[in-house]
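Student: Numbering-wise, our numbering puts 279 at position 266 of the sequence shown, and it's gapless, one number per residue. Beta carbons: idealized from backbone N, C-alpha and C, even for Gly. I am attaching a structure below and will ask some questions about it afterwards.
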Amino acid sequence: MHESRRTIILFTLSLLASILTHVLFIYALGWFGRYDLTGPIMLSQAVMVDLTASTESKHESLTEPQEPQDHTTKASEQNEPEPAENGRRESNNEASSQPPLPAQQPSQQPEPQPVPSPLPTPQEHVSGVAAQSHSEIHKKSPTSTVIEITPPLRTAMEFMSAEQEVLSYRITLLGFPVGSGILEAKQEKSAVKITLRVTSSLVIASIYPVDDLIETRLLGGNYIITKIRQLEGKFVGDRGFTLFLREKSVFWIDLLKQTSVQEALPTSDVLDILSGLYYLRNRPLQVGTTETLHIFDSNIYTSVPVEVVRREKIFLPGFRRADTLLLHPLIKTEGIFKRAGDVFIWVTNDENHVPVRVETTIKLGKVTAELIDAEVKQKEIDKQRE
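Now the structure itself:
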């Protein structure tokens, strides 16, 4: 008895739970809206294309916008969801009431007109515009700036006529060999490079080491760059300077003392010691005359008169004899070496004016440099003339 009653109660509760679940499910479906799945989404429309239209009508259709047709608007309106109670009726009415599109009659052939010239390609358009703009720049641009290239103040021919020259010297102190020197100059396109290297022998290097290197470059005829590195006993130097000939100024720097100065020069004819020597060699030297050099040396500008004293025949190592001119430069600066007396230079009495002997005085005594070997490489043009 009790079991049957319990069974009836469980069945009743299960039935009520099932009904409640279905009611909640149907109520939840209402949240997502109502859908009519029987109506067509978009009616297919007939499209008519006229292939007999002229080329001009195609161009006009590209340039003139046309209003959209009604069936496009209606089709888009049909995509919107409709209420369930009248959705089926309205969709069926629209499908039945919409008349078919009339067949488009072929358009009449227009009168023949001249065919427009074809449009230029992008490459032709760009090239035409570039050519036109280039011509307009030359015709209509009076304010265009023209860069003026200034000519060089110095030329390589003022310093040397040969392509390359290497002069080797033996250096003696009080008549004893103490070292050697190499003076080299060569032309590199429009530039001239002059190098002097002086070193002491192995025996003297243990007592009084000497290793001096001076390098000078003439660039573009408007700049002279000089580097000087010196080692003479306990003295060490590393400095350099740049001569701006056209600007009449000099910038020099001492790398060891870490000092630098930019200062003006009174003339654009200024040179350094090495370039001044080669410039002097290319001058027409006459006995009794004085040549004036404008030298920047030891961070000082000075005017150096060079006296052509006399003609003299001297003997060189190897029992060689040379006809020379004796030059006496009145140098007021220290020069390349830490000298204490005057400097005398003997050059050959010919058009080359090769320095064959140089004498000066330092603290230890008289120093003499004598030419022992010379190598000269002439230019190809000079070889053909010979």
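In the DSSP output, what is Asp225 paired with across the bridge?
Tutor: Translated into positions along the sequence shown, residue 225 becomes position 212. According to DSSP, which records beta bridges pairwise, Asp225 is partnered with Val211.
Student: How many whole angstroms separate the CB atoms of His307 and Asp285, which I take to be in contact at a CB cut-off of 8 Å?
Tutor: For the purposes of this step, residue 307 is taken as residue 294 along the sequence shown, with counting starting at 1. For the purposes of this step, residue 285 is taken as residue 272 along the sequence shown, with counting starting at 1. Rounded, the Cβ-Cβ distance is 10 Å, inconsistent with contact.
Student: For Arg242, which three-state DSSP category applies?
Tutor: In the sequence shown, residue 242 corresponds to position 229, counting from 1. It is a strand residue.
Student: How far does the beta strand (DSSP E) with Gly194 in it reach, from first residue to last?
Tutor: Here residue 194 refers to the residue found at position 181 of the sequence shown. Gly194 -> beta strand (DSSP E) spans 189-201.
Student: Beta carbon of Gly233, beta carbon of Pro330: below 8 Å?
Tutor: Along the sequence shown, one-based indexing puts residue 233 at 220. Along the sequence shown, one-based indexing puts residue 330 at 317. The answer is no: Cβ separation not under 8 Å.
Student: Rounded C-beta distance between Gly253 and Thr239? I'm assuming under 8 Å.
Tutor: Along the sequence shown, read from residue 1 onward, the residue named residue 253 stands at position 240. Along the sequence shown, read from residue 1 onward, the residue named residue 239 stands at position 226. Between Thr239 and Gly253 the Cβ distance is about 6 Å, and since that is below 8 Å, they are a contact.
Student: Starting from the C-beta of Ser120, find all residues in its chain whose C-beta is less than 6 Å away, skip the five residues before and the five after it, and write them out in chain order.
Tutor: Counting from one through the sequence shown, the residue named residue 120 turns up at place 107. Per-residue confidence for Ser120 stands at a pLDDT of 47, beneath the threshold of 50, marking its modelled position as unreliable; the derived number appears in the next sentence. Counting only Cβ-Cβ distances below 6 Å, and skipping sequence neighbours, we find nothing.
Student: Is the beta carbon of Ser214 sitting closer than 8 Å to the one on Gly246?
Tutor: Start at 1 with the first residue of the sequence shown, and residue 214 comes out as number 201. Start at 1 with the first residue of the sequence shown, and residue 246 comes out as number 233. Cβ atoms of Ser214 and Gly246: not closer than 8 Å.
Student: Are there three or more Cβ pairs, one per stretch, closer than 8 Å when the stretch 257-269 is compared with the stretch 291-301?
Tutor: No, the stretch 257-269 does not touch the stretch 291-301.
Student: To the nearest angstrom, how far is the alpha carbon of Leu226 from that of Glu325?
Tutor: Within the sequence shown, numbered from 1, the residue matching residue 226 stands at position 213. Within the sequence shown, numbered from 1, the residue matching residue 325 stands at position 312. Going from the Cα of Leu226 to the Cα of Glu325 covers about 31 Å.
Student: Could you tell me which residues DSSP pairs with Gln177 in its beta bridges?
Tutor: Translated into positions along the sequence shown, residue 177 becomes position 164. DSSP output for Gln177 lists Lys199, Lys390 as bridge partner(s).
Student: Let me check understanding here. Comparing Cα to Cα, which of Asn295, Phe248, Val319 lies closest to His341?
Tutor: Here residue 341 corresponds to residue number 328 of the sequence shown, with the count starting at 1. When each option's Cα is compared against that of His341, the closest is Val319.
Student: Starting from Ser288, trace the beta strand (DSSP E) in both directions and tell me its first and last residue.
Tutor: Reading the sequence shown from its first residue, position 275 is the one you call residue 288. No beta strand (DSSP E) holds Ser288; the alpha helix (DSSP H) holding it covers 286-294.
Student: If you follow the beta strand (DSSP E) that Pro318 is in, where does it begin and where does it stop?
Tutor: Along the sequence shown, one-based indexing puts residue 318 at 305. Per DSSP, Pro318 belongs to the beta strand (DSSP E) from 313-329.
Student: At what residues does the beta strand (DSSP E) containing Pro279 begin and finish?
Tutor: To locate residue 279, count along the sequence shown from 1; it is residue 266. Looking at the DSSP string, Pro279 is not in any beta strand (DSSP E), and its letter there is neither H nor E.
Student: Where does Arg167 fall in DSSP's three states?
Tutor: Translated into the one-based positions of the sequence shown, residue 167 becomes position 154. DSSP places Arg167 in coil when its eight states are reduced to three.
Student: Return yes when the Cβ of Leu298 is within less than 8 Å of the Cβ of Leu343, no when it is not.
Tutor: The residue labelled residue 343 in the question sits at position 330 within the sequence shown. The residue labelled residue 298 in the question sits at position 285 within the sequence shown. No, Cβ-Cβ distance for Leu343 and Leu298 is not below 8 Å.
Student: Mapping the DSSP letters down to three states, classify Phe38 as helix, strand or coil.
Tutor: Locating residue 38 in the sequence shown gives position 25, counting from the first residue. Residue state, collapsed to three classes: helix.
Student: Identify the continuous beta strand (DSSP E) that holds Phe248 and give its terminal residues.
Tutor: Walking along the sequence shown from the start, residue 248 turns up at place 235. Per DSSP, Phe248 belongs to the beta strand (DSSP E) from 248-257.
Student: Report buried or exposed for Thr373, applying the criterion of at least 16 other Cβ atoms within 10 angstroms of its Cβ.
Tutor: In the sequence shown, counting from the first residue as 1, residue 373 sits at position 360. Looking at its Cβ environment, which holds 16 or more other Cβ atoms inside 10 Å, Thr373 is buried.
Student: Suppose you measure from the CA of Asn362 to the CA of Arg370; what does that come to, to the nearest Å?
Tutor: Position 349 of the sequence shown holds residue 362. Position 357 of the sequence shown holds residue 370. Distance between the alpha carbons of Asn362 and Arg370 is about 13 Å.
Student: Can you tell which of Leu256, Gly194, Ile217, Glu228 has its C-alpha closest to the C-alpha of Asn235?
Tutor: Residue 235 sits at position 222 when you count from the first residue of the sequence shown. Ranking the options by Cα distance to Asn235, first place goes to Leu256.
Student: Are the stretch 268-279 and the stretch 167-176 touching by the rule of at least three beta carbon pairs closer than 8 Å?
Tutor: No, they do not touch.
Student: Name the DSSP bridge partner or partners of Gly378?
Tutor: For this step, residue 378 is matched to residue 365 along the sequence shown. Beta-bridge pairing links Gly378 to Ile375.
Student: To the nearest angstrom, how far is the alpha carbon of Phe189 from that of Lys376?
Tutor: The count along the sequence shown starts at 1 and reaches residue 189 at position 176. The count along the sequence shown starts at 1 and reaches residue 376 at position 363. Rounded to whole angstroms, Phe189 to Lys376 spans 16 Å at the Cα level.
Student: Verify whether the separation of the beta carbon atoms of Ile385 and Tyr182 is less than 8 Å.
Tutor: Numbered from its first residue, the sequence shown carries residue 385 at position 372. Numbered from its first residue, the sequence shown carries residue 182 at position 169. Yes, these two residues count as a Cβ contact at 8 Å.
Student: Name, in chain order, the residues that DSSP records as bridge partners for Lys345.
Tutor: Within the sequence shown, the letter at position 332 stands for residue 345. DSSP lists no partner for Lys345.
Student: Check whether the Cβ atoms of Thr229 and Leu287 lie closer than 8 Å to each other.
Tutor: On the sequence shown, position 216 is the one that residue 229 refers to. On the sequence shown, position 274 is the one that residue 287 refers to. Cβ atoms of Thr229 and Leu287: closer than 8 Å.
Student: What is the DSSP secondary structure of Phe264, counted as helix, strand or coil?
Tutor: Numbered from 1 along the sequence shown, position 251 holds the residue referred to as residue 264. Of the three classes helix, strand and coil, the one that applies to Phe264 here is strand, per DSSP.
Student: Helix, strand or coil: how does DSSP classify Phe24 here?
Tutor: Translated into the one-based positions of the sequence shown, residue 24 becomes position 11. If DSSP states are grouped into helix, strand and coil, Phe24 belongs with the helices.
Student: Can you tell me which of Ser316, Pro279, Gln243, Ala198 puts its alpha carbon nearest to the alpha carbon of Met170?
Tutor: As a first step, residue 170 is located in the sequence shown; it is residue number 157 there, counting from the start. If we check each option's Cα against that of Met170, Ala198 comes out closest.
Student: Confirm, please, whether the CB-CB distance from Leu244 to Asp224 is below 8 Å.
Tutor: Here the question's residue 224 lines up with position 211 in the sequence shown. Here the question's residue 244 lines up with position 231 in the sequence shown. It is a contact, given that the beta carbons lie within the stated cut-off.
Student: Since Ile237 sits in a beta bridge, which residues does DSSP pair it with?
Tutor: Taking the first residue of the sequence shown as position 1, residue 237 is located at position 224. Per DSSP, Leu231, Leu256.
Student: For Val205, which three-state DSSP category applies?
Tutor: Numbered from its first residue, the sequence shown carries residue 205 at position 192. Strand.
Student: Residue range of the beta strand (DSSP E) that Ile308 falls in?
Tutor: Start at 1 with the first residue of the sequence shown, and residue 308 comes out as number 295. 303-310 is the extent of the beta strand (DSSP E) around Ile308.
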